[in-house]
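The structure under discussion appears below in the form of structure tokens.
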Amino acid sequence: MPKSFTSLLKQQALRLGFDACGVARAEALPVEAEHLQQWLDAGAQAEMGYMSRNIDKRTNPRLLLEGAKSVVMMIMSYKPQVLQPEQLPQVAYYAYGNDYHEIIKEKLQYLIAFIQQYYPAAVVRGFTDTAPLLEKAWAVRAGLGWIGKNNLLISPEFGSFTFLASLITDVELAYDAPFEGERCGACTNCLTACPTGALCRPHFLDARQCVSYQTIESKTPVEMDTYGYLFGCDRCQKACPWNSSAPAHTHDELNALPEILSYTADDWRRLDEPDFNRIFARSPLRRAGLARLKQIIVHGFNE
Ligand code: SF4
Ligand code: SF4
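Numbering that gives the first Met the number 0 applies: residue 0 is where the sequence shown begins, and numbers increase by one.
What follows is the structure, encoded as structure tokens:
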């Protein structure tokens, strides 16, 4: 049963719009726990205090769900079909369309119901960036790719412009072999492409220097050069050869908002709160808020 059910579950995940699905045995991640601690000790998490909380849960899914046996990992490509013209204030690809949390949460709910159809007593929890879980490490264990020098999961087929989603369950499933090796080779494109030195060495990202962190997560006004970015930053990912060869996503629900593809710095300056709330009602840009976006425009985009 585990083998045949696991294959049905994977088919169902693909049918729901995920691009790949793999399964790993739920167990503690001692090596990853050590790496996480070293990163925290260096202060590279900046103001993301939540990263240093729940380290035990973050590195052991059995503490997130009692009796956990399996971690099911899914990826969903968001590499855009149409790009913003380069002269416009740039938005990270993941934020071109509506917020992925909502889109993925619905798919996870379907998958949870699917598992419980076959195993009515199953306990299953779904997450997408919403729990202390080392999703990239789990994706490697589930055979979906490797963690590149840019510190992101790279799928050999879909690159790194992918959302990660996970299910933890107490159902025993058939496990995939972990992804073997690292296919970056001698490439250092991402390190060279990072304009701020945030990606100061392979696999180490200092959030304090990162445009993406500063424009999305930080609560203080942005003082640094954002290198043409208004929200997020994709420079290290755009430089990656695995992303150049990856196909654009095929998910209509992730299509870009027309305003993202056309707004100039002047359009952002003129935008008022009611229009922002209406146009970007389901966009990740709501997280920054209009006042912050305007601060970045005033700071980094000349009239
Ligand atoms: S997101 Fe931008 S600033 Fe951050 S590491 Fe990548 S290239 Fe550097
Ligand atoms: S740019 Fe090169 S080094 Fe960086 S993640 Fe991609 S393949 Fe690896």
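Think of the CB as a built atom: it goes at the ideal place given N, C-alpha and C, for glycine as much as any other residue.
| Check | Outcome |
| --- | --- |
| Find the nearest neighbour of N254 within the set G16, S69, V81, A12, judged by alpha-carbon distance. | V81 |
| Could you give the residue range of the beta strand (DSSP E) that holds F4? | It is not in any beta strand (DSSP E) - F4 instead sits in the alpha helix (DSSP H) that spans 1–14. |
| By the DSSP assignment, the alpha helix (DSSP H) with A136 in it spans what residues? | 134–140 |
| Report the residue ranges of all alpha helix (DSSP H) runs contained in full by the segment 235–295; include only those spanning at least 4 residues, in chain order. | 240–243, 257–261, 264–269, 272–278 |
| For the candidate residues Q108, L256, A245, D224, whose alpha-carbon lies nearest to that of N301? | D224 |
| Residues around ligand 2, please: the ones whose beta-carbon is closer than 5 Å to some heavy atom of it, in chain order. | G147, K148, N149, C183, C186, N188, C189, C239 |
| Does the pairing of the segment 134–146 with the segment 216–232 give three or more beta-carbon distances under 8 Å? | no |
| Work out the CA separation of D233 and S211 for me, nearest whole Å. | 8 Å |
| Considering only the beta carbon of each residue, do E171 and S282 sit closer than 8 Å? | no |
| The beta strand (DSSP E) with C199 in it runs from where to where? | 198–200 |
| Are there 16 or more other CB atoms within 10 angstroms of the CB of H389, so buried, or fewer, so exposed? | A question about residue 389 goes unanswered here, because the residues of the chain that appear run from 0 up to 302. |
| Where does A306 sit, in a helix, a strand or coil, going by DSSP? | An answer regarding residue 306 cannot be provided, because it is not within the stretch 0 to 302 covered by the chain. |
| Do the segment 180–194 and the segment 118–138 touch if we need at least three Cβ pairs shorter than 8 Å? | no |
| How should R285 be labelled, buried or exposed, when 16 other C-beta atoms within 10 angstroms of its C-beta is the threshold for buried? | exposed |
| With C-beta atoms as the reference, is R57 less than 8 Å away from L35? | yes |
| Quick check: the Cα distance between D40 and F275, rounded to an integer number of angstroms? | 39 Å |
| Could you spell out the range, first to last residue, of the beta strand (DSSP E) harbouring F331? | The question about residue 331 has no answer, for the chain in this structure spans 0 to 302. |
| Within the present structure, is the beta-carbon of T195 separated from the nearest heavy atom of ligand 1 by less than 7 Å? | yes |
| Can you list, in chain order, the residues of its chain whose CB lies under 6 Å from that of I102, leaving out five sequence neighbours each side? | E252 |
| Between the segment 93–113 and the segment 150–167, can you find at least three pairs of beta-carbon atoms closer than 8 Å? | yes |
| I'd like to check one pair, R268 with A45: are the Cβ atoms closer than 8 Å? | no |
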